[in-house]
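Per my numbering, the very first residue in the sequence shown carries number 818; after that it's consecutive.
The block underneath contains the structure these notes are about, expressed in structure tokens.
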Amino acid sequence: MLSLPLPRSFPRDFWLYLGSAAATAVADAVLFVALPFVVLGAHAGRVGLGTVLLAASAPRFLAPLLGTLADRLPGRTVLIVTALLRTLLLAAVAWLVLSGRAQLPALAAFAFLNGCLVTLGFTAGSALVPQLVPEAQRPQANSLSSAALMGLPLIGYGVGGVLIHLLGSAQTLLTSVPVYLLGLLLVTLLPARPAAQSGAARGFWHDLRGGLLVVRAQPLLLVMIFLSFTMNLTLNVVNVRAPLFMQQVGAGAAGYALFEGLSAAGALVGALAVGVLSTRFSTETLINLGRVLCVLAVLGFAIAQPVVWFVTAGLLGLSLGVLEVAAVTRAQGLVAAGTLGRVMGVFMGLNALGLSLGAVMGSWPLASPALFILLAALLGALGLLWNRAVRLSRD
């Protein structure tokens, strides 16, 4: 019988971590909705909005560096510091907006610093989970964490929209402060643990290089990272082509909203499914399942029919949810605790590159059917490499 473990079977420390991450996810979603209107309210216009969004996404490229830093410090300490600094930064920006002193440079600086703290906190949290739950429960713990972090922002987006309508964008920023404080309080209740790796014996750059060598030396890990890169590249190609397709077939914004909703719902189901299926199937099998589903979804986008696109939106989301949870779980089993932060940083950095290249590729003057068939072929080729890497790991 396939089943998830009962909630009480997870250790208390995991629930504290998950509660902190959940509170932060809701506050992040409110911030994500409010910040563009703060920028527009500062009369920064379209260029200013693009500048702030670019500043917010740039720290993802620094993820290998920030992941190395996370490995050299206790995870609880990193999460406390990042939560505290994010709360103070948000309160300061809200004060600037309320006092009429918010200018584009300050908003861009806030977006960049906040992005750095988000990235640092994510790598630290990813490395902390294996210390909070037994190895046998990691798939279920990662499944529950991913599902919560995918589902709760949907609530935050709705709450943020309502609060902006009722209170205004500046006051909405302030409402996120106590939610961040709740996340900070929960993470402070975690017991203190030493860093998995001592940073005194070796230098920072030596540690960074060591993390990259770990990735290079693990065939499974290397293929997983390239698969994740290609998935993110494909995702942003879809994000560019989907609105254009919906406009072309007359579905418009409503059609695109349905498309994104189906994709998000699929990802949520996929994340939860790993927790159930992992009791019977290996993570390697689940990763392969996610890859096959992704290839089928991408091939579906080559068919210029709205119904097919809606179905494949859910299928793509399902594949992404399965792959994310299964890949993180497998990486936690392949990498030593003192190296996991920087390895997750490499994942994030290459994913950011994939998203950027996907946005560029999506704007190419190439017909969507040909483009999606090309991407499906690339994902299929990576699947062959994945199967070969799995066989090598078992020899």
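Cβ coordinates follow ideal geometry from the N, Cα and C atoms, glycine included.
These figures come from a predicted structure and were not determined experimentally.
Can you list, in chain order, the residues of its chain whose CB lies under 7 Å from that of residue i, leaving out five sequence neighbours each side?
{"i": "residue 846", "result": "970, 973, 974, 977"}
{"i": "residue 1073", "result": "1059, 1060, 1063"}
{"i": "residue 1085", "result": "964, 967, 968, 1138"}
{"i": "residue 850", "result": "974, 977, 978, 981"}
{"i": "residue 1089", "result": "960, 964"}
{"i": "residue 1151", "result": "1035, 1037, 1038"}
{"i": "residue 1114", "result": "1129, 1132, 1133, 1136"}
{"i": "residue 1005", "result": "897"}
{"i": "residue 1106", "result": "1139"}
{"i": "residue 853", "result": "866"}
{"i": "residue 1164", "result": "1042, 1045"}
{"i": "residue 913", "result": "919, 923"}
{"i": "residue 857", "result": "866"}
{"i": "residue 839", "result": "965, 969"}
Under 8 Å Cβ to Cβ from residue i, same chain only, skipping five residues before and after it: list those, please.
{"i": "residue 1047", "result": "1171, 1192, 1195, 1196, 1199"}
{"i": "residue 887", "result": "895, 937, 940, 941, 944, 1158, 1159, 1162"}
{"i": "residue 1081", "result": "967, 971, 1134"}
{"i": "residue 1204", "result": "1105"}
{"i": "residue 1069", "result": "1063"}
{"i": "residue 1112", "result": "1193, 1196, 1197, 1200"}
{"i": "residue 843", "result": "969, 970, 972, 973, 976, 996"}
Tell me which residues share the same chain as residue i and place their Cβ nearer than 6 Å to its Cβ, disregarding the 5 neighbours each side in the sequence.
{"i": "residue 1210", "result": "1037"}
{"i": "residue 932", "result": "873, 876"}
{"i": "residue 841", "result": "1000"}
{"i": "residue 1117", "result": "1125, 1129"}
{"i": "residue 1003", "result": "833, 836, 837"}
{"i": "residue 1095", "result": "956"}
{"i": "residue 1207", "result": "1101"}
{"i": "residue 1017", "result": "For residue 1017, the pLDDT reaches just 48, beneath the cut-off of 50, and the residue's location in the model is therefore unreliable, leaving the point undetermined."}
{"i": "residue 1015", "result": "Residue confidence for residue 1015 is low, a pLDDT of 46 falling below 50, so the modelled location carries little weight; the figure read from the coordinates is stated next. Excluding positions up to five away in sequence, the list is empty."}
{"i": "residue 863", "result": "none"}
{"i": "residue 848", "result": "993"}
Would residue i pass as a contact of residue j if the rule is Cβ separation under 8 Å?
{"i": "residue 1042", "j": "residue 1032", "result": "yes"}
{"i": "residue 989", "j": "residue 981", "result": "yes"}
{"i": "residue 924", "j": "residue 859", "result": "yes"}
{"i": "residue 1202", "j": "residue 1040", "result": "yes"}
{"i": "residue 987", "j": "residue 855", "result": "yes"}
{"i": "residue 1045", "j": "residue 1168", "result": "yes"}
{"i": "residue 1098", "j": "residue 950", "result": "no"}
{"i": "residue 998", "j": "residue 868", "result": "no"}
{"i": "residue 1147", "j": "residue 1102", "result": "no"}
{"i": "residue 1127", "j": "residue 1189", "result": "no"}
{"i": "residue 902", "j": "residue 934", "result": "yes"}
{"i": "residue 1119", "j": "residue 1182", "result": "no"}
{"i": "residue 1214", "j": "residue 1050", "result": "Nothing can be reported for residue 1214: it is not among the residues displayed for the chain, which extend from 818 to 1212."}
{"i": "residue 1007", "j": "residue 830", "result": "yes"}
Could you round the C-beta distance between residue i and residue j to whole angstroms and report it? I think they count as a contact, below 8 Å.
{"i": "residue 1053", "j": "residue 1176", "result": "5 Å"}
{"i": "residue 1179", "j": "residue 1134", "result": "Not a contact, Cβ separation roughly 18 Å."}
{"i": "residue 1083", "j": "residue 1140", "result": "Residue 1083 to residue 1140, Cβ: 12 Å. No contact."}
{"i": "residue 1091", "j": "residue 947", "result": "Incorrect: roughly 16 Å between the Cβ atoms, too far for contact."}
{"i": "residue 1011", "j": "residue 891", "result": "6 Å"}
{"i": "residue 865", "j": "residue 921", "result": "5 Å"}
{"i": "residue 919", "j": "residue 910", "result": "7 Å"}
{"i": "residue 1055", "j": "residue 1123", "result": "In fact, because the Cβ distance is near 15 Å, the residues do not count as touching under 8 Å."}
{"i": "residue 1104", "j": "residue 1143", "result": "5 Å"}
Counting only beta-carbon atoms, is residue i nearer than 8 Å to chain B?
{"i": "residue 1063", "result": "Absent here is chain B; the protein component of the structure consists of one chain."}
Stretch-stretch touch, CB-based, cutoff 8 Å, three pairs: the stretch 888 to 905 with the stretch 921 to 939: Touching, per the Cβ criterion.
What alpha helix (DSSP H) runs, 4 residues minimum, are completely inside the stretch 932 to 1008? 955 to 984, 986 to 1005
Does the pairing of the stretch 875 to 890 with the stretch 910 to 927 give three or more beta-carbon distances under 8 Å? no
Go through the stretch 1049 to 1124 residue by residue and report every complete run of the alpha helix (DSSP H) that reaches 4 residues or more, in order. 1069 to 1094, 1100 to 1117
Entirely within the stretch 887 to 923 and at least 3 residues each: give me those beta strand (DSSP E) ranges in chain order. none
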